[in-house]
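Student: One structure is given below, represented as C-alpha coordinates, and several questions about it will come after.
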Amino acid sequence: MMMDDETLQMYVEEAGEHLEDIESDLLAIEQDGVDLDEELVNKVFRAAHSIKGGAGFLGLTAIKELSHKIENILDMVRNRQMVPTPDIVNVVLLAFDYLNQMLKNVSASNEMDIAEHLEALEGLATANLTASEQESAENQVVIKDADNREVFTLSELELKQAQKGGKYLYLLNYDLIHDVQQQGKNPLEIIKGLQDSGEVVELKVDFLAVGTLEDGKFSNRLPLDVLYASIIEPDLLPTLLDLKAEQMFPLDDQLKSPAEQSAAVVSEVEVKVGEPPKDVLEPVLESEPMAKAEVSSAPAPESKPAEAPASPAPEKKNKEITTPAKPAAKKSPAAGQAASSQPESVRVHVSVLDQLMTLAGELVLARNQMMQAINSGDRSDRNAAAQRVDLVTSELQEA
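Add 233 to the 1-based position in the sequence shown for our numbering, that's all there is to it.
As C-alpha coordinates, this is what we get:
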(Lines of atoms letter the chains of each structure in order from A; the text may use other names.)
(Lines give C-alpha, C1' and ligand atoms only; values in the text may rest on other atoms or scores of the structure.)
Protein backbone atom coordinates (compact mmCIF):
# COMPACT_ATOMS: atom_id res chain seq x y z
CA MET A 234 0.00 0.00 0.00
CA MET A 235 1.41 3.39 -1.01
CA MET A 236 1.50 6.49 1.14
CA ASP A 237 0.40 9.94 0.00
CA ASP A 238 1.87 11.41 -3.20
CA GLU A 239 3.87 14.07 -1.36
CA THR A 240 5.70 11.53 0.82
CA LEU A 241 6.30 9.27 -2.18
CA GLN A 242 7.71 12.13 -4.24
CA MET A 243 9.97 13.14 -1.36
CA TYR A 244 11.29 9.59 -1.19
CA VAL A 245 11.94 9.40 -4.95
CA GLU A 246 13.85 12.72 -4.88
CA GLU A 247 16.01 11.65 -1.95
CA ALA A 248 16.69 8.26 -3.55
CA GLY A 249 17.73 10.01 -6.76
CA GLU A 250 20.23 12.12 -4.81
CA HIS A 251 21.72 8.95 -3.32
CA LEU A 252 22.21 7.51 -6.82
CA GLU A 253 23.79 10.58 -8.43
CA ASP A 254 27.42 9.51 -7.95
CA ILE A 255 26.93 5.76 -7.69
CA GLU A 256 28.63 4.86 -10.98
CA SER A 257 31.78 6.91 -10.35
CA ASP A 258 31.91 5.73 -6.73
CA LEU A 259 31.67 2.06 -7.72
CA LEU A 260 34.35 2.44 -10.38
CA ALA A 261 36.62 4.06 -7.80
CA ILE A 262 35.96 1.17 -5.41
CA GLU A 263 36.82 -1.29 -8.19
CA GLN A 264 40.06 0.55 -8.89
CA ASP A 265 41.05 0.48 -5.20
CA GLY A 266 40.63 -3.29 -5.07
CA VAL A 267 41.92 -4.72 -1.80
CA ASP A 268 43.05 -1.24 -0.66
CA LEU A 269 39.52 -0.21 0.24
CA ASP A 270 38.49 3.37 0.79
CA GLU A 271 36.16 2.48 3.68
CA GLU A 272 34.48 5.88 3.69
CA LEU A 273 33.58 5.54 0.02
CA VAL A 274 32.27 1.98 0.45
CA ASN A 275 30.20 3.11 3.44
CA LYS A 276 28.77 5.95 1.36
CA VAL A 277 27.54 3.56 -1.34
CA PHE A 278 26.30 1.11 1.32
CA ARG A 279 24.30 3.89 3.03
CA ALA A 280 22.74 4.81 -0.32
CA ALA A 281 21.38 1.28 -0.78
CA HIS A 282 20.41 1.09 2.89
CA SER A 283 18.47 4.38 2.81
CA ILE A 284 16.63 3.40 -0.37
CA LYS A 285 15.70 0.04 1.20
CA GLY A 286 14.39 1.64 4.39
CA GLY A 287 12.09 4.09 2.66
CA ALA A 288 10.87 1.46 0.20
CA GLY A 289 9.89 -0.88 3.01
CA PHE A 290 7.82 1.82 4.65
CA LEU A 291 6.11 2.86 1.40
CA GLY A 292 5.22 -0.66 0.30
CA LEU A 293 7.64 -0.64 -2.65
CA THR A 294 8.46 -4.31 -2.21
CA ALA A 295 10.49 -4.86 -5.41
CA ILE A 296 12.67 -1.79 -4.77
CA LYS A 297 13.15 -2.91 -1.18
CA GLU A 298 14.16 -6.45 -2.17
CA LEU A 299 16.62 -5.38 -4.85
CA SER A 300 18.25 -2.68 -2.72
CA HIS A 301 18.51 -5.19 0.15
CA LYS A 302 20.46 -7.65 -2.03
CA ILE A 303 22.74 -4.83 -3.23
CA GLU A 304 23.25 -3.80 0.39
CA ASN A 305 24.30 -7.36 1.32
CA ILE A 306 27.07 -7.38 -1.30
CA LEU A 307 28.34 -3.96 -0.22
CA ASP A 308 28.31 -5.11 3.41
CA MET A 309 30.51 -8.07 2.47
CA VAL A 310 32.88 -5.74 0.61
CA ARG A 311 33.23 -3.33 3.52
CA ASN A 312 33.75 -6.25 5.93
CA ARG A 313 36.49 -7.53 3.57
CA GLN A 314 34.64 -10.77 2.93
CA MET A 315 34.69 -9.97 -0.78
CA VAL A 316 37.19 -8.15 -3.01
CA PRO A 317 35.48 -5.71 -5.43
CA THR A 318 36.71 -7.21 -8.69
CA PRO A 319 35.49 -5.85 -12.06
CA ASP A 320 32.97 -8.72 -12.37
CA ILE A 321 31.51 -8.06 -8.91
CA VAL A 322 31.33 -4.31 -9.41
CA ASN A 323 29.65 -4.81 -12.80
CA VAL A 324 26.86 -6.90 -11.22
CA VAL A 325 26.29 -4.28 -8.53
CA LEU A 326 26.38 -1.43 -11.05
CA LEU A 327 23.79 -3.12 -13.29
CA ALA A 328 21.55 -3.66 -10.27
CA PHE A 329 21.84 0.00 -9.29
CA ASP A 330 21.03 1.04 -12.88
CA TYR A 331 17.86 -1.05 -12.78
CA LEU A 332 17.02 0.34 -9.36
CA ASN A 333 17.24 3.83 -10.86
CA GLN A 334 14.81 2.81 -13.63
CA MET A 335 12.39 1.48 -11.02
CA LEU A 336 12.49 4.76 -9.10
CA LYS A 337 11.76 6.71 -12.29
CA ASN A 338 8.68 4.52 -12.78
CA VAL A 339 7.92 4.08 -9.10
CA SER A 340 4.16 3.56 -9.41
CA ALA A 341 4.74 0.42 -11.51
CA SER A 342 7.94 -0.71 -9.75
CA ASN A 343 6.31 -3.62 -7.93
CA GLU A 344 5.45 -5.21 -11.28
CA MET A 345 8.96 -4.84 -12.74
CA ASP A 346 11.00 -8.04 -13.10
CA ILE A 347 14.02 -8.10 -10.79
CA ALA A 348 14.67 -11.87 -10.91
CA GLU A 349 17.80 -11.66 -13.08
CA HIS A 350 19.46 -9.13 -10.78
CA LEU A 351 18.48 -11.00 -7.62
CA GLU A 352 19.94 -14.23 -8.99
CA ALA A 353 23.22 -12.54 -9.90
CA LEU A 354 23.55 -10.81 -6.52
CA GLU A 355 22.62 -13.91 -4.54
CA GLY A 356 25.14 -15.93 -6.54
CA LEU A 357 27.91 -13.51 -5.59
CA ALA A 358 26.96 -13.63 -1.92
CA THR A 359 26.76 -17.44 -1.75
CA ALA A 360 30.08 -17.91 -3.54
CA ASN A 361 31.85 -15.80 -0.92
CA LEU A 362 30.38 -17.42 2.21
CA THR A 363 32.14 -20.04 4.30
CA ALA A 364 30.45 -23.40 4.88
CA SER A 365 29.27 -22.37 8.35
CA GLU A 366 27.97 -19.05 7.00
CA GLN A 367 26.05 -20.84 4.25
CA GLU A 368 24.43 -23.08 6.86
CA SER A 369 23.60 -20.02 8.95
CA ALA A 370 22.09 -18.37 5.87
CA GLU A 371 19.72 -21.33 5.43
CA ASN A 372 18.48 -21.36 9.02
CA GLN A 373 15.54 -19.02 9.49
CA VAL A 374 14.53 -17.04 12.57
CA VAL A 375 10.89 -16.01 12.92
CA ILE A 376 10.18 -13.07 15.20
CA LYS A 377 6.62 -13.14 16.54
CA ASP A 378 4.60 -10.91 18.81
CA ALA A 379 2.29 -11.90 21.68
CA ASP A 380 -0.61 -12.50 19.26
CA ASN A 381 1.47 -15.09 17.41
CA ARG A 382 1.76 -12.67 14.51
CA GLU A 383 4.89 -13.20 12.44
CA VAL A 384 6.56 -9.82 12.39
CA PHE A 385 9.82 -10.65 10.60
CA THR A 386 11.55 -13.70 9.16
CA LEU A 387 15.31 -13.49 8.64
CA SER A 388 18.24 -15.84 8.39
CA GLU A 389 20.56 -16.41 11.33
CA LEU A 390 23.35 -14.94 9.19
CA GLU A 391 21.47 -11.67 8.67
CA LEU A 392 20.90 -11.34 12.41
CA LYS A 393 24.55 -12.06 13.20
CA GLN A 394 25.66 -9.45 10.67
CA ALA A 395 23.27 -6.91 12.17
CA GLN A 396 24.82 -7.48 15.61
CA LYS A 397 28.39 -6.95 14.43
CA GLY A 398 30.38 -4.19 16.05
CA GLY A 399 28.73 -4.68 19.43
CA LYS A 400 25.29 -3.54 18.24
CA TYR A 401 22.16 -4.25 20.27
CA LEU A 402 19.17 -5.66 18.40
CA TYR A 403 15.72 -4.23 19.12
CA LEU A 404 12.14 -4.71 18.00
CA LEU A 405 10.56 -1.24 17.88
CA ASN A 406 6.79 -0.79 17.80
CA TYR A 407 5.77 2.59 16.40
CA ASP A 408 2.20 3.73 15.98
CA LEU A 409 1.99 5.83 12.81
CA ILE A 410 -1.13 7.57 14.10
CA HIS A 411 -0.11 8.52 17.64
CA ASP A 412 3.70 8.50 17.41
CA VAL A 413 4.00 10.14 14.01
CA GLN A 414 0.93 11.87 12.55
CA GLN A 415 -0.44 13.36 15.79
CA GLN A 416 3.07 14.50 16.73
CA GLY A 417 3.42 16.41 13.46
CA LYS A 418 6.28 14.19 12.29
CA ASN A 419 7.13 12.95 8.81
CA PRO A 420 7.43 9.14 8.48
CA LEU A 421 10.54 9.39 6.29
CA GLU A 422 12.17 11.64 8.89
CA ILE A 423 11.54 8.93 11.51
CA ILE A 424 13.35 6.40 9.33
CA LYS A 425 16.21 8.82 8.63
CA GLY A 426 16.55 9.47 12.36
CA LEU A 427 16.80 5.73 12.98
CA GLN A 428 19.45 5.36 10.28
CA ASP A 429 21.48 8.24 11.75
CA SER A 430 22.10 6.32 14.97
CA GLY A 431 21.87 2.69 13.86
CA GLU A 432 20.71 0.32 11.16
CA VAL A 433 17.15 -0.44 10.10
CA VAL A 434 17.45 -4.18 9.47
CA GLU A 435 13.80 -4.66 8.50
CA LEU A 436 10.57 -2.69 8.78
CA LYS A 437 6.98 -2.97 7.72
CA VAL A 438 3.64 -1.28 8.23
CA ASP A 439 0.96 -3.71 9.42
CA PHE A 440 -2.17 -2.43 7.69
CA LEU A 441 -4.09 -5.59 8.61
CA ALA A 442 -3.81 -4.68 12.30
CA VAL A 443 -6.16 -1.74 11.71
CA GLY A 444 -9.07 -4.10 11.04
CA THR A 445 -12.29 -3.14 9.31
CA LEU A 446 -15.68 -1.79 10.34
CA GLU A 447 -17.27 -4.93 8.90
CA ASP A 448 -15.52 -7.34 11.24
CA GLY A 449 -16.11 -5.05 14.22
CA LYS A 450 -12.40 -4.95 15.10
CA PHE A 451 -11.52 -1.51 13.80
CA SER A 452 -8.50 -0.01 15.63
CA ASN A 453 -7.15 3.52 15.78
CA ARG A 454 -3.57 2.22 15.71
CA LEU A 455 -1.41 1.70 12.62
CA PRO A 456 1.65 -0.31 13.71
CA LEU A 457 5.07 0.24 12.17
CA ASP A 458 7.36 -2.61 13.23
CA VAL A 459 11.11 -2.02 12.98
CA LEU A 460 13.93 -4.48 13.54
CA TYR A 461 16.69 -2.13 14.61
CA ALA A 462 20.42 -2.55 15.34
CA SER A 463 22.35 0.14 17.21
CA ILE A 464 25.26 0.54 19.59
CA ILE A 465 23.05 2.83 21.68
CA GLU A 466 22.32 1.22 25.04
CA PRO A 467 18.75 0.29 26.04
CA ASP A 468 18.54 2.96 28.76
CA LEU A 469 19.45 5.75 26.31
CA LEU A 470 17.48 4.65 23.26
CA PRO A 471 13.96 5.79 24.31
CA THR A 472 15.10 9.40 24.74
CA LEU A 473 17.24 9.35 21.61
CA LEU A 474 14.40 8.06 19.42
CA ASP A 475 11.62 9.91 21.28
CA LEU A 476 9.77 6.63 21.77
CA LYS A 477 8.37 5.10 24.94
CA ALA A 478 10.44 2.45 26.66
CA GLU A 479 7.57 -0.04 26.61
CA GLN A 480 7.58 0.14 22.80
CA MET A 481 11.18 -1.14 22.60
CA PHE A 482 12.16 -4.76 23.08
CA PRO A 483 15.82 -5.86 23.22
CA LEU A 484 16.25 -9.20 21.45
CA ASP A 485 19.90 -10.02 22.11
CA ASP A 486 19.35 -12.37 25.03
CA GLN A 487 16.71 -14.38 23.18
CA LEU A 488 19.02 -14.81 20.19
CA LYS A 489 21.87 -16.24 22.25
CA SER A 490 22.32 -19.99 22.97
CA PRO A 491 24.06 -21.06 19.72
CA ALA A 492 24.76 -24.52 21.18
CA GLU A 493 21.05 -25.17 21.68
CA GLN A 494 20.12 -23.88 18.22
CA SER A 495 22.99 -25.39 16.20
CA ALA A 496 20.80 -28.21 14.84
CA ALA A 497 17.72 -26.06 14.30
CA VAL A 498 16.32 -25.44 10.87
CA VAL A 499 13.85 -22.83 12.06
CA SER A 500 13.95 -20.92 15.34
CA GLU A 501 11.30 -18.68 16.75
CA VAL A 502 11.67 -15.63 18.93
CA GLU A 503 8.32 -14.71 20.43
CA VAL A 504 8.19 -11.29 22.03
CA LYS A 505 5.45 -10.75 24.56
CA VAL A 506 4.63 -7.19 23.68
CA GLY A 507 1.53 -6.83 25.83
CA GLU A 508 -1.28 -4.36 25.41
CA PRO A 509 -0.61 -0.94 23.82
CA PRO A 510 -0.52 1.94 26.32
CA LYS A 511 -3.97 3.37 26.98
CA ASP A 512 -2.74 6.93 27.33
CA VAL A 513 -0.66 7.54 24.25
CA LEU A 514 0.50 10.92 25.50
CA GLU A 515 1.96 9.89 28.85
CA PRO A 516 5.67 10.66 29.37
CA VAL A 517 8.45 8.20 28.63
CA LEU A 518 8.80 5.69 31.43
CA GLU A 519 12.08 5.71 33.28
CA SER A 520 11.87 2.02 34.12
CA GLU A 521 13.12 -0.51 31.62
CA PRO A 522 10.56 -2.40 29.49
CA MET A 523 9.76 -5.92 30.49
CA ALA A 524 9.25 -8.14 27.47
CA LYS A 525 9.01 -11.90 27.60
CA ALA A 526 10.32 -14.04 24.81
CA GLU A 527 10.10 -17.69 23.90
CA VAL A 528 12.79 -19.38 21.88
CA SER A 529 11.82 -22.70 20.33
CA SER A 530 13.82 -24.88 17.98
CA ALA A 531 12.49 -27.21 15.34
CA PRO A 532 14.01 -30.72 15.24
CA ALA A 533 16.73 -31.48 12.74
CA PRO A 534 15.59 -32.90 9.36
CA GLU A 535 14.78 -36.64 9.39
CA SER A 536 17.06 -37.25 6.42
CA LYS A 537 20.08 -36.72 8.68
CA PRO A 538 21.01 -40.12 10.15
CA ALA A 539 21.75 -40.32 13.85
CA GLU A 540 25.38 -40.96 14.66
CA ALA A 541 24.64 -43.46 17.43
CA PRO A 542 21.57 -45.34 18.68
CA ALA A 543 21.46 -43.20 21.77
CA SER A 544 18.45 -42.89 23.99
CA PRO A 545 15.80 -40.43 22.80
CA ALA A 546 16.85 -36.83 23.15
CA PRO A 547 15.04 -34.95 25.90
CA GLU A 548 12.03 -33.04 24.66
CA LYS A 549 12.93 -29.47 23.78
CA LYS A 550 10.99 -26.94 25.74
CA ASN A 551 10.38 -23.32 24.93
CA LYS A 552 12.52 -21.03 26.98
CA GLU A 553 10.89 -18.05 28.59
CA ILE A 554 13.28 -15.14 28.99
CA THR A 555 12.59 -11.73 30.49
CA THR A 556 14.27 -8.90 28.62
CA PRO A 557 16.27 -6.82 28.95
CA ALA A 558 18.26 -9.23 31.07
CA LYS A 559 20.30 -7.73 33.85
CA PRO A 560 23.85 -9.02 34.19
CA ALA A 561 24.27 -11.33 37.15
CA ALA A 562 26.66 -10.25 39.84
CA LYS A 563 30.05 -11.89 39.56
CA LYS A 564 30.77 -14.41 42.30
CA SER A 565 34.20 -15.15 43.64
CA PRO A 566 35.27 -18.80 43.36
CA ALA A 567 34.28 -20.92 46.33
CA ALA A 568 36.99 -22.21 48.62
CA GLY A 569 38.65 -25.29 47.20
CA GLN A 570 37.14 -24.64 43.76
CA ALA A 571 39.50 -25.49 40.93
CA ALA A 572 39.97 -22.06 39.47
CA SER A 573 42.69 -21.06 37.07
CA SER A 574 45.65 -20.36 39.32
CA GLN A 575 48.17 -19.99 36.54
CA PRO A 576 48.85 -16.36 35.62
CA GLU A 577 48.14 -15.59 31.99
CA SER A 578 49.87 -12.96 29.89
CA VAL A 579 49.62 -11.70 26.36
CA ARG A 580 52.12 -9.66 24.39
CA VAL A 581 50.59 -6.56 22.83
CA HIS A 582 52.50 -3.96 20.84
CA VAL A 583 52.76 -0.58 22.57
CA SER A 584 51.34 1.24 19.55
CA VAL A 585 48.21 -0.93 19.70
CA LEU A 586 47.77 -0.17 23.40
CA ASP A 587 48.19 3.54 22.71
CA GLN A 588 45.55 3.38 19.98
CA LEU A 589 43.13 1.48 22.22
CA MET A 590 43.62 3.95 25.08
CA THR A 591 43.04 6.90 22.73
CA LEU A 592 39.89 5.37 21.29
CA ALA A 593 38.58 4.47 24.75
CA GLY A 594 39.02 8.10 25.78
CA GLU A 595 37.24 9.29 22.63
CA LEU A 596 34.39 6.87 23.32
CA VAL A 597 33.91 8.30 26.83
CA LEU A 598 33.90 11.86 25.44
CA ALA A 599 31.45 10.92 22.67
CA ARG A 600 29.11 9.26 25.15
CA ASN A 601 29.24 12.32 27.42
CA GLN A 602 28.41 14.54 24.44
CA MET A 603 25.45 12.33 23.64
CA MET A 604 24.19 12.48 27.22
CA GLN A 605 24.44 16.30 27.14
CA ALA A 606 22.60 16.41 23.81
CA ILE A 607 19.85 14.15 25.19
CA ASN A 608 19.44 16.35 28.26
CA SER A 609 19.33 19.52 26.13
CA GLY A 610 16.71 18.03 23.79
CA ASP A 611 18.64 19.08 20.66
CA ARG A 612 17.86 16.46 18.01
CA SER A 613 20.68 17.42 15.62
CA ASP A 614 23.27 17.28 18.42
CA ARG A 615 21.90 13.90 19.53
CA ASN A 616 22.22 12.43 16.04
CA ALA A 617 25.72 13.85 15.58
CA ALA A 618 26.83 12.43 18.94
CA ALA A 619 25.27 9.03 18.15
CA GLN A 620 27.13 8.90 14.85
CA ARG A 621 30.37 9.77 16.64
CA VAL A 622 29.85 6.95 19.14
CA ASP A 623 29.14 4.57 16.25
CA LEU A 624 32.33 5.65 14.43
CA VAL A 625 34.58 5.29 17.48
CA THR A 626 33.06 1.90 18.31
CA SER A 627 33.78 0.68 14.78
CA GLU A 628 37.38 1.88 15.08
CA LEU A 629 37.71 0.03 18.38
CA GLN A 630 36.46 -3.17 16.75
CA GLU A 631 39.01 -2.82 13.96
CA ALA A 632 41.86 -2.05 16.38
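C-beta: ideal position from N, C-alpha, C; glycine also.
Predicted, not measured: the structure shown is a model, and the values here were computed from it.
(1) Just to confirm, is the Cβ distance from His301 to Leu327 under 8 angstroms?
(2) What separation, rounded to the nearest whole angstrom, lies between the Cα atoms of Asn406 and Leu390?
(3) Taking the C-alpha atoms as reference points, what is the distance between Gly287 and Leu473?
(4) Within the continuous beta strand (DSSP E) that includes Glu435, where are the two ends?
(5) Could you check the C-alpha separation between Val322 and Glu298 for me, to the nearest Å?
(6) Quick check on this structure: which residue in Phe329, Tyr401 and Val316 has the alpha carbon closest to the alpha carbon of Asn361?
(7) Looking only at C-alpha atoms, which of Gln415, Leu421 and Gly431 sits nearest to Leu398?
(8) When the distance is taken between beta carbons, is Lys377 closer than 8 angstroms to Glu371?
(9) Which residue from Leu441, Leu460 and Ile347 puts its Cα closest to that of Tyr401?
(10) Would DSSP call Ala533 helix, strand or coil?
(11) Since Leu241 and Leu291 are thought to touch, with beta carbons under 8 angstroms apart, how far apart are those beta carbons, to the nearest angstrom?
(12) From Glu435 to Pro319, what distance separates their C-alpha atoms?
(13) Which residue from Leu469, Asp486 and Leu484 puts its Cα closest to that of Ala478?
(14) When the distance is taken between beta carbons, is Val374 closer than 8 angstroms to Leu392?
(15) Sort out for me which residues DSSP pairs Ser388 with in a bridge.
(16) Rounded to the nearest angstrom, what separates Gln367 and Ile464 at their Cα positions?
(17) Applying the criterion that 16 or more other CB atoms from any shown protein chain within 10 Å of the CB defines a buried residue, is Phe385 buried or exposed?
(18) Evaluate Asp238 with the Cβ neighbour count: other Cβ atoms within 10 Å of its Cβ, from every protein chain shown; 16 or more gives buried, anything less gives exposed.
(19) Leaving out the 5 sequence neighbours to the left and right, which residues in its chain are closer than 7 angstroms to Ala395 when beta-carbon positions are compared?
(20) Cβ atoms of Ser365 and Ser388: under 8 angstroms apart, would you say?
(21) Indicate whether the contact test is met: 3 or more Cβ pairs, each with one atom in the stretch 255-266 and one in the stretch 326-341, closer than 8 angstroms.
(22) If we count the other Cβ atoms within 10 Å of its Cβ and call it buried at 16 or more, is Phe278 buried or exposed?
(23) Looking at Ile284 and Leu332, is the spacing between their C-beta atoms short of 8 angstroms?
(24) Assuming Val275 is part of the alpha helix (DSSP H), what are its boundary residues?
Tutor: Considering the structure as presented:
(1) Taking 8 angstroms as the Cβ cut-off, His301 and Leu327 do not qualify as a contacting pair.
(2) Cα-Cα distance, rounded: 23 angstroms.
(3) Approximately 20 angstroms, taken between the alpha carbons.
(4) Residues Glu432 to Val438.
(5) If I take the Cα positions, the gap works out to 19 angstroms.
(6) For Asn361, the closest C-alpha among the options Phe329, Tyr401 and Val316 is that of Val316.
(7) The question names Leu, yet the displayed sequence has Gly at residue 398. Residue Gly431 is the option with its Cα nearest to Gly398.
(8) Result no, Cβ atoms of Glu371 and Lys377 do not sit closer than 8 angstroms.
(9) For Tyr401, the nearest C-alpha among the options comes from Leu460.
(10) A caution first: Ala533 carries a pLDDT of 42, below 50, which makes its placement in the model unreliable, though a value can still be read off. Coil.
(11) With 8 angstroms as the limit, Leu241 and Leu291 qualify as a contact, their Cβ atoms being about 6 angstroms apart.
(12) Approximately 30 angstroms between the Cα atoms of the pair.
(13) The residue with the shortest Cα to Cα distance from Ala478 is Leu469.
(14) Pairing Leu392 with Val374 gives a Cβ-Cβ distance under 8 angstroms.
(15) Among the bridge pairs identified by DSSP, Ser388 is matched with Gln373.
(16) Using only the alpha carbons, I get a separation of about 26 angstroms.
(17) Buried, since its Cβ has 16 or more Cβ neighbours within 10 Å.
(18) With fewer than 16 other CB atoms across the displayed protein chains lying within 10 angstroms of its CB, Asp238 is exposed.
(19) Excluding residues within five positions, the ones whose Cβ falls inside 7 angstroms are Leu402, Glu432, Val434 and Ala462.
(20) No, they are not a contact pair.
(21) The stretch 326-341 and the stretch 255-266 touch, with three or more beta-carbon pairs separated by less than 8 angstroms.
(22) By the 10 Å Cβ count, Phe278 comes out buried.
(23) Cβ atoms of Leu332 and Ile284: closer than 8 angstroms.
(24) As written in the sequence, residue 275 is Asn, which differs from the Val given in the question. Residues Glu271 to Leu291.
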